[in-house]
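To start, the structure under review is shown below, and the notes come after it.
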Ligand code: PFF
């Protein structure tokens, strides 16, 4: 890349614009849809506790690491690694692959959200019977064609925004909609918390049952931290690459994970108390949000308007995340293969849409197909992307910064060449170099069963 090109790289219109856009990438279906059902499936409080532990050791650390590499190189992941050490470019490629996989099923769920917006408009949010609500959801997602139409609509919306470019497209949307979503979620949480028996859900989510902790719960929590914070695949490298040299990376690396976690907790406290109040199954899986919240809306004054607004805001949160997923893939082809942004967005959007089809069908017509550990196609793609590729990408980035590129270079970038004070700099360095990569490695080999497999080999 010539100096001239580098200087003309688009930058964020304002500091708050960047934080909102990066937070927009982080806050999405991962917080609102995935966190509550993952907590529900993995023992509630035990999962939440592990989530926090991993957030502190790995989450903040890697957020800063990705922003540092992105801003230093002003390039998307593959270009960034290539510029620093050519041999490491494949790690960036791994991230692009993860982006492809995640967006393929993310867009399917985004489509469900659009379907629920349509439902709200047509006034079907007055049912509280769990059987009926569950039946409606299952009927919809197991239908072979309907979800695909909505999946296509979601993908078209995503690529439409990505074609618009960085500050023009992304920033404009996040500024208004993120704060609205926050307020909306708090209102729904209050309604849910005041339902009869809601306290059971609160206890389930906040009181850890240590006997529930095992390798696979640990790995799920690890995968969830990566997924929710958009880490491990270079999304934050890409966003950091648009960040000006005098911005404060330290503040952003704390603010984004905190905001993201707050929203996940609020979503958990909106969904799980209602799950217990209405007698749903907390381990009900990906349908939990879509089955539970309509029941909550039915119990609210003006519930159908609330329901409509809620799903519209969730759609925007999902879009601010999906655009970052597509952006990783697009900026790779634009930076590395010199593709034109529009062609790249449309072409990649189409490929990812097609890749999402088996995930969607895997919940209905193809539900007999099990790929990994007895999981259907949808869950298998999620598992490979969230629990394998993202943690791997994160671990490799730690090793890269700690042992290859060097902490001194990273320190310089974090502190804007010594201009900013960062009292915890050495702690961060220690986490990057030793603690985070080892922690990820241990959780990974335990949770995937690799460790057990190796032990058995030597028995
Ligand atoms: N963090 C997003 C969410 O929680 O919905 C999903 C996501 C976006 C994951 C971007 C990874 C990523 F690079």
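Residue numbers (the working numbering): -4 to 454.
Heads up, the beta-carbon is just placed ideally off N, CA and C, and yes, glycines get one too.
The structure presented is a predicted model; accordingly, all values stated were derived computationally and were not measured.
Here's the rule: buried if 16 or more other CB atoms are within 10 angstroms of the residue's CB, otherwise exposed. What is residue i?
{"i": "residue 66", "result": "buried"}
{"i": "residue 337", "result": "exposed"}
{"i": "residue 509", "result": "Examination of residue 509 is not possible in this model, given that the chain is present from -4 through 454 alone."}
{"i": "residue 451", "result": "exposed"}
{"i": "residue 423", "result": "buried"}
{"i": "residue 232", "result": "buried"}
{"i": "residue 278", "result": "exposed"}
{"i": "residue 353", "result": "buried"}
{"i": "residue 297", "result": "exposed"}
{"i": "residue 372", "result": "buried"}
{"i": "residue 81", "result": "exposed"}
{"i": "residue 142", "result": "buried"}
{"i": "residue 205", "result": "exposed"}
{"i": "residue 332", "result": "exposed"}
{"i": "residue 300", "result": "exposed"}
{"i": "residue 445", "result": "exposed"}
{"i": "residue 186", "result": "buried"}
{"i": "residue 447", "result": "exposed"}
{"i": "residue 85", "result": "exposed"}
{"i": "residue 456", "result": "With the chain represented from -4 up to 454, any question about residue 456 goes unanswered, as that position is not in the structure."}
{"i": "residue 199", "result": "buried"}
{"i": "residue 413", "result": "exposed"}
{"i": "residue 191", "result": "exposed"}
{"i": "residue 83", "result": "buried"}
{"i": "residue 398", "result": "exposed"}
{"i": "residue 77", "result": "buried"}
What is the residue span of the alpha helix (DSSP H) that residue i lies within?
{"i": "residue 142", "result": "141 to 158"}
{"i": "residue 45", "result": "40 to 49"}
{"i": "residue 317", "result": "298 to 332"}
{"i": "residue 68", "result": "55 to 68"}
{"i": "residue 432", "result": "431 to 442"}
{"i": "residue 403", "result": "402 to 409"}
{"i": "residue 447", "result": "445 to 452"}
{"i": "residue 198", "result": "193 to 201"}
{"i": "residue 421", "result": "420 to 425"}
{"i": "residue 36", "result": "30 to 36"}
{"i": "residue 79", "result": "72 to 79"}
(message) Tell me whether the stretch 25 to 35 and the stretch 256 to 263 touch, counting them as touching only if at least three CB pairs, one residue from each stretch, are closer than 8 Å.
(response) Short answer: they touch.
(message) To test your reading of the DSSP string, which unbroken alpha helix (DSSP H) runs of 4 or more residues are found completely within the stretch 93 to 139?
(response) Taking 4 residues as the minimum length, the alpha helix (DSSP H) runs contained wholly in the stretch 93 to 139 are 125 to 137, in order along the chain.
(request) Taking only runs that begin and end inside the stretch 204 to 286, name each unbroken alpha helix (DSSP H) of 4 or more residues, in chain order. (result) Complete alpha helix (DSSP H) runs here, min 4: 210 to 224, 230 to 236, 244 to 273.
(message) Between the stretch 380 to 399 and the stretch 418 to 434, can you find at least three pairs of beta-carbon atoms closer than 8 Å?
(response) Flag = yes, the stretch 418 to 434 and the stretch 380 to 399 touch.
(message) Does the stretch 138 to 154 come into contact with the stretch 314 to 321, if we say contact requires no fewer than three beta-carbon pairs (one atom in each stretch) closer than 8 Å?
(response) The stretch 138 to 154 makes contact with the stretch 314 to 321, as at least three CB pairs between them are under 8 Å.
(message) Restricting to runs no shorter than 4 residues, where is the alpha helix (DSSP H) found entirely within the stretch 339 to 397?
(response) With a minimum length of 4 residues, the unbroken runs of alpha helix (DSSP H) contained wholly in the stretch 339 to 397 fall at 372 to 377, 385 to 394.
(message) Using 8 Å as the cut-off, can you tell me whether the stretch 121 to 141 makes contact with the stretch 278 to 289, which would need three or more C-beta pairs spanning the two stretches below that distance?
(response) Taking a contact to require three or more Cβ pairs closer than 8 Å, the stretch 121 to 141 and the stretch 278 to 289 qualify as touching.
(message) With a threshold of 8 Å, are at least 3 pairs of Cβ atoms found where one atom belongs to the stretch 134 to 141 and the other to the stretch 101 to 116?
(response) Cβ pair count under 8 Å is three or more, so yes.
(message) With three or more C-beta pairs closer than 8 Å as the rule, is the stretch 402 to 418 touching the stretch 33 to 40?
(response) Judged by Cβ distances under 8 Å, the stretch 33 to 40 makes no contact with the stretch 402 to 418, as fewer than three pairs qualify.
(message) I want to know whether the stretch 49 to 58 touches the stretch 343 to 362 - three or more CB-CB distances under 8 Å.
(response) No, they do not touch.
(message) Across the stretch 235 to 248 and the stretch 214 to 227, are there enough close Cβ pairs to call them in contact, namely three or more that are closer than 8 Å?
(response) Counting Cβ pairs under 8 Å, fewer than three are found: no touch.
(message) Tell me whether the stretch 306 to 317 and the stretch 99 to 109 touch, counting them as touching only if at least three CB pairs, one residue from each stretch, are closer than 8 Å.
(response) The stretch 306 to 317 and the stretch 99 to 109 touch, with no fewer than 3 CB-CB distances between them shorter than 8 Å.
(message) With three or more beta-carbon pairs closer than 8 Å as the criterion, would you say the stretch 86 to 101 touches the stretch 54 to 74?
(response) Touching, yes.
(request) May I ask you to verify whether the stretch 300 to 310 touches the stretch 208 to 225, counting CB pairs closer than 8 Å and requiring at least 3? (result) Counting Cβ pairs under 8 Å, fewer than three are found: no touch.
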